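Chains as they are written, first to last, in this note's numbering: chain A, 1 to 225; chain B, 1 to 225; chain C, 1 to 225.
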Amino acid sequence: MLVFKSADPDYFISHVDVNKIKEYRDEAAKLVGEASIGLLFRHLSASRLVSIAQIEGRTRGAGSEFVLACDMRFAARESAIFGQPEAGTGVSPGAGGIQHLARLMGRARALEVLLSSQDYDAELAERYGWINRALPAKELGNFVRALAHRIANFPAAGVVTVKDRVNAIALAPVGDFRRDSDLFGEGSRNPEAQKRFQAALKRGFQTRAAEMDLGRMLGDLSNRT
Amino acid sequence: MLVFKSADPDYFISHVDVNKIKEYRDEAAKLVGEASIGLLFRHLSASRLVSIAQIEGRTRGAGSEFVLACDMRFAARESAIFGQPEAGTGVSPGAGGIQHLARLMGRARALEVLLSSQDYDAELAERYGWINRALPAKELGNFVRALAHRIANFPAAGVVTVKDRVNAIALAPVGDFRRDSDLFGEGSRNPEAQKRFQAALKRGFQTRAAEMDLGRMLGDLSNRT
Amino acid sequence: MLVFKSADPDYFISHVDVNKIKEYRDEAAKLVGEASIGLLFRHLSASRLVSIAQIEGRTRGAGSEFVLACDMRFAARESAIFGQPEAGTGVSPGAGGIQHLARLMGRARALEVLLSSQDYDAELAERYGWINRALPAKELGNFVRALAHRIANFPAAGVVTVKDRVNAIALAPVGDFRRDSDLFGEGSRNPEAQKRFQAALKRGFQTRAAEMDLGRMLGDLSNRT
C-alpha cells in the first residue's frame, strides 16, 4: 500500500523541467529499459501494490500523469489544481496523460483539458473524473489514511485479482504509452516548441511564483509569440 | 478552429426531415463517397481542425449527432435541450449518436437516453457527459470565444498530435459509423417506422411549435398508434 | 420490458450466501450450460427485453452485479446502498461487477469501489455512474413506471437495434465474464478467504441485522484476523 502526499501545501508535483527532458528520459531508461517516463509510471499502475495520491496544491504535466498512474486520487477541495500544460508550449503529454484522461473522461472533456492547457480546480476535476473525489482539506488526510489501512488489511489475493482484472480493461497497453512518449520527445525538439519554451522561461516558467497561475500565463504567452 | 452556434435561441439544429432521408444521404454520398451522414460528421471529428459547439436551444437526432461529432460541447444552462428521438419513431440513430453516447456516458445512461427518446436539459446532459459543461447563457459566448482563441494561439503541432492520440482511443472506427448508418436506412423503410412517421407528422412533427416539446409528443404518440 | 423492485425497503438483493456458492453455480450451469452466475446475468444484458432496476435498500455483491446487468438503474436517494464486499472477504467479484464497473466509472473509481468493499449511498453511486440517477423515494416508482411504459410503447425494431448496437460497444465479451467467474470460484476456495468467511459469519455476516452496516463490519473484521 502506497500513499503519496506533498509536504508543500501549494505544490504536489510539477511538470518536468523542459531543460532536463533528456536527463529524465535517461533516468527512466535506467529504471525500465526504455527512455520513457510514461512506461516508468505504468509500472506503478500495473504493480501488485495499491497506490493512492493525496493531493494538495498544484500537479501539472508529468505531475498530473504521475497521479493518473496511481490507482486512486483524492484531492483537497480548497487547494488542488490540475493541468496538462503541454499543448500550450507546443508539445503533447508524453507520460500517459492522454491514455488515462481519454479513458476517464471521454473524448470531449479529454480534448478540452488537453488542448486548453488550462488549470482545473478540484471540484471540476471531480466532475470530469480526473480524480475520485474532492474532499475538504481538513478531512482529506484522515479519509485517505482510513482507506489505505482498510485495504491493507484485506487478504492480498482478492486485492491483487481485482487490480489485475480492472487493469485488463482500463489500463492502456504498453505500446500506447511508448508512442505518446516518443511523440513528446519528437515534439520537444520542434523549433516552434523550443521557441515557446524560451518565451515561457522569460516569463518565469518553472519558477514557483509564475507557476502559481500557470494556466493564465500560457494563455498570455500564446498571444505574444 | 471552428465554433458552431445558432442564431435562433430556441433551436440549435433539428433532427433530419424524415421526408428527405434519401436526399440527405445522397448529399453525404457526394461529399464523402458514401451515403452516410455519420461518416460525413466523422470527418469533422477526425479533422486537424478543433471544433466547439456553443449550444442554445434544442438539438436532437442528427442535430445532436452533429454536436457529438464536434470536439467539445458547451451549452446554455437555461435553454439547451438534447434528444435522440429515433427510437420513439421506430428507428435507431444513424449518424454516430450511438457510437459517441455509449462511449461518453456508459452502457446504462446511453441506453436510457437512446431508448427513452426523451428531452434532456443542459444540467442533466452535463451530469451524463453528453456535453462538457452547462454554463449560464450570459457567460457562454465569452467562455467559448476565450477558449477558442486560446487554443488557436497554441502551436499547431502539439494540438494536432493531442487530437490524433485522443481519437485513436475514443473515436469509433469508420465501420461502426457505417453500420449504424445502414441500420438507420433500413429501419426508416420498415412499415412500422413509416406508420409512426405519419402519425407524428399529423401531430405537428417537424413543425417549430410541436417540436418545442417533442419528448412529450413522442410519448403521447406511442400510446395511440 | 422488465422492471425489478423489492418488497423490502431495506434490502434489494443481497450478496450470495458464501455457504452455498457451489449450489448457485450448479443452478447457473443448469440454466446457461456453465457454472457462472455472471454468464447467467449477461443473458439479461444481451436480451431483446429492456430491463430496469428500481432500487430501494441494500444491494451488494451478486445483488449489485444483478442490477449492473440490467439496462438501467434508478435508486431511492434516501435508502439505496451499493457495495461490492468481495475484496473484504479475500475474493474478487465473480458475476460481472468488475466488467461493468470498470467500464461505467473508469479505472480509479472502479478500483476504489472494488478494493474498499465499502458501502456507497445513492448520491455517490450516481456521481460515480454506478446508477443512472438517484431520485427521491416518493418519486421513484412513478418515474420508473412512466419510463417503462414509454419504451414499451415504442416499436420493437428500433429498440432492439439500439440495444444491440450499444451492447456491441459497452457490454464485455462472454470470455471476460467467464474468467471473473472462475477467479471467484478459485478465490473462494483459498484458505485465507475461507478464514475470513468464518470470521465474518461469527460477527453476523449473512444476518439481516449485521448487514445493515456491512461496510463497517468488514473493516473491523480485517483488523482482527
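Backbone N, C-alpha and C define an ideal beta-carbon position, used for all residues, glycine too. Predicted model, so just to flag it, every value in this text is computed and none were measured.
| Asked | Found |
| --- | --- |
| How close, in whole Å, do the beta carbons of R103/C and G106/B come, if the pair is a contact with beta carbons under 8 Å? | 6 Å |
| Can you say whether A122/B is buried or exposed, counting buried as having 16 or more other CB atoms within 10 angstroms of its CB? | buried |
| Assign D10/C to one of two classes, buried (16 or more other C-beta atoms within 10 Å of its C-beta) or exposed (fewer than that). | exposed |
| Do M1/C and A232/C come within 7 Å of each other at the CB atom, strictly closer than that value? | Summary: the structure shown does not reach residue 232/C, with chain C confined to residues 1 through 225, and so no result is reported for it. |
| If we ignore side chains and look at the alpha-carbon of each, how far apart do E65/C and R58/C end up? | 12 Å |
| Using DSSP's beta-bridge definition, name the partner residues of K5/B. | Q54/B |
| Taking only three categories from DSSP, how would you classify A172/A? | coil |
| Would you give the residue range spanned by the beta strand (DSSP E) that F12/C belongs to? | Y11 to I13 |
| According to a CB-to-CB cut-off of less than 7 Å, which residues of the segment 73 to 95 of chain B neighbour chain A? | R73 |
| Whole angstroms is fine: what's the gap from G88/C's alpha carbon to S117/C's? | 6 Å |
| Taking C-beta to C-beta, are F132/C and M217/C nearer than 7 Å? | Strictly speaking, residue 132/C in this sequence is Asn, with Phe absent from that position. Contact: no. |
| Would L31/C and L40/C be called neighbours here (beta carbons separated by less than 7 Å)? | yes |
| Which stretch, first to last residue, makes up the beta strand (DSSP E) that contains R133/A? | R133 to L135 |
| Have a look at I37/B and A172/C and give me their C-alpha separation to the nearest angstrom. | 28 Å |
| Return helix, strand or coil for F154/A, following the three-state DSSP convention. | coil |
| Within 10 angstroms of its Cβ, does E56/B collect 16 or more other Cβ (buried), or is it exposed? | buried |
| Quick one: what's M72/A bridged to in DSSP? | I52/A |
| When burial is assigned at 16 or more other CB atoms within 10 Å of the CB, is K163/A buried or exposed? | buried |
| Which value, in whole angstroms, describes the spacing of the CA atoms of R25/B and Q84/B? | 19 Å |
| Could you pull the start and end residues of the beta strand (DSSP E) that G83/C belongs to? | I81 to G83 |
| Which bits of chain B does E126/A rub up against, with CB to CB less than 7 Å? | Those do not exist, as E126/A stays about 12 Å from chain B at its closest Cβ, beyond 7 Å. |
| Mind checking the segment 138 to 166 of chain B against chain A and listing, in chain order, the residues whose C-beta falls within less than 7 Å of any C-beta there? | L147, R150, I151, N153, F154, P155, A157, G158, V159, T161, V162, K163, R165 and V166 |
| Using the Cα positions of E23/C and G90/C, report the straight-line distance between them to the nearest angstrom. | 20 Å |
| Quickly, what does DSSP pair R60/C with across the bridge? List them, please. | G83/C |
| Closer than 7 Å, CB to CB, is I98/C near chain A or not? | yes |
| Taking all protein chains shown into account, do 16 or more other C-beta atoms lie within 10 angstroms of the C-beta of Q99/A, making it buried, or fewer, making it exposed? | buried |
| Shortest alpha-carbon distance to H43/B belongs to which of P155/B, V174/B and L201/B? | V174/B |
| Is D26/C helix, strand or coil by DSSP? | helix |
| For R107/C, would you say it is in contact with chain A, using Cβ-to-Cβ distances shorter than 7 Å as the test? | yes |
| Could you name the residues of the same chain whose beta carbon sits closer than 6 Å to that of T225/C, not counting the 5 residues immediately before and after it, in chain order? | A caution first: T225/C carries a pLDDT of 48, below 50, which makes its placement in the model unreliable, though a value can still be read off. Excluding sequence neighbours, T225/C sits near A199. |
| Taking 7 Å as the CB-CB limit, is A62/A close to chain C? | no |
| Rounded to whole angstroms, what is the Cα-Cα separation between E211/C and E86/C? | 14 Å |
| Taking Cβ positions only, does A110/B come closer than 7 Å to chain D? | No chain D appears in the structure shown, which is made up of the protein chains A, B and C. |
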